[in-house]
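Trainee: One structure is given below, represented as structure tokens, and several questions about it will come after.
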Amino acid sequence: MQQKARNLALDMREGCLGVRIGRLHRLVARRFDHALRPQGLSLPQLEVLGVLMLRGPLKPSAVADALAVERSTISRNLSLMAQRGWVELEYSPSGRSTSATLTRQGIETLAQARTAWAAAQRDVLSLLGADSAATIDNWLEALAE
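Sequential numbering of the sequence shown, starting at 2, is according to the numbering used here.
Structural data, given as structure tokens:
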């Protein structure tokens with residue numbers, strides 16, 4: 002039994018796509034987060050601002066669906082972003098529905114993050130190769146079905 006468990010642990014470390022892609026995600030996100038830190042932003046927050054800029058106002062569930070993340074994660078981020086003045090959360094009269102809208106300050110924050118985001122993007126592309134974005138797009142398309 003112990004050998005089977007050890008073999009699985011070795012297989013996961015050396016070949017599991019889920020583990021390896023998770024590690025890649027953390028390493029790439031760390032570079033973007035480091036670049037965005039002076040703006041007080043994280044990469045997930047920047048992504049939420051971007052979705053609201055392009056599609057807003059949206060219900061938190063629609064933001065979560067657009068980003069393929071858990072609704073509880075989006076709710077936490079939206080609450081923090083509302084406290085910072087980047088997003089306005091509007092509640093329906095019944096209190097059962099919420100809508101998130103990008104504020105003027107949120108738009109300014111998004112615009113000011115462009116230089117830092119672009120630097121991180123260039124950095125990661127230089128490390129992974131110019132064709133890496135197209136490869137990732139193909140993977141996302143294949144898995145989104």
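A virtual CB, placed ideally from N, CA and C, is assigned to each residue, including glycine.
1. On the DSSP bridge assignment, give the partners of alanine 161 in chain order.
2. Rounding to the nearest angstrom, what Cα-Cα distance links valine 20 and alanine 10 in this structure?
3. Can you tell which of Thr110, Gly57, Gly130 has the C-alpha that lies nearest to the C-alpha of serine 43?
4. Can the beta-carbon of leucine 47 be found less than 8 Å from the beta-carbon of valine 88?
5. Give the range of the alpha helix (DSSP H) segment to which leucine 37 is assigned.
6. Of the residues Arg105, Ala114, Leu90, Ala120, which one's Cα is nearest the Cα of leucine 59?
7. Taking the CB atoms as reference points, tell me whether valine 125 and valine 49 lie closer together than 8 Å.
8. Are three or more beta carbon pairs between the segment 72 to 87 and the segment 120 to 136 nearer than 8 Å?
9. Note the first and the last residue of the continuous beta strand (DSSP E) segment covering threonine 102.
10. Quick one: Cα of glutamate 142 to Cα of glutamine 40, how far?
11. Exposed or buried, proline 61, counting other C-beta atoms within 10 Å across all chains shown (16 or more means buried)?
12. Give the secondary structure of leucine 59 by DSSP, where H, G and I count as helix, E and B as strand, and everything else as coil.
Mentor: Quick look at the numbers:
1. Here the chain has residues from 2 to 146 only, and residue 161 is not among them.
2. For the purposes of this step, residue 20 is taken as the residue at position 19 of the sequence shown. For the purposes of this step, residue 10 is taken as the residue at position 9 of the sequence shown. Going by the C-alpha atoms only, they are around 11 Å apart.
3. Here residue 43 corresponds to residue number 42 of the sequence shown, with the count starting at 1. The candidate whose alpha carbon is nearest that of serine 43 is Thr110.
4. The sequence position of residue 47 within the sequence shown is 46, counting from 1. The sequence position of residue 88 within the sequence shown is 87, counting from 1. It is not a contact, given that the beta carbons lie outside the stated cut-off.
5. The residue given as residue 37 occupies position 36 in the sequence shown. Residues 18 to 37.
6. The sequence position of residue 59 within the sequence shown is 58, counting from 1. Of the listed residues, the one whose Cα sits closest to leucine 59 is Leu90.
7. As a first step, residue 125 is located in the sequence shown; it is residue number 124 there, counting from the start. As a first step, residue 49 is located in the sequence shown; it is residue number 48 there, counting from the start. No, the pair does not count as a contact, with Cβ atoms beyond the cut-off.
8. no
9. Taking the sequence shown and counting its residues from 1, one reaches residue 102 at position 101. Counting along the chain, the beta strand (DSSP E) containing threonine 102 begins and ends at 99 to 103.
10. Locating residue 142 in the sequence shown gives position 141, where the first residue counts as 1. Locating residue 40 in the sequence shown gives position 39, where the first residue counts as 1. Whole-angstrom Cα-Cα distance: 31 Å.
11. For the purposes of this step, residue 61 is identified with residue 60 of the sequence shown, where counting begins at 1. Flag for proline 61 reads buried.
12. Stepping through the sequence shown from its first residue, residue 59 is reached at position 58. If DSSP states are grouped into helix, strand and coil, leucine 59 belongs with the strands.
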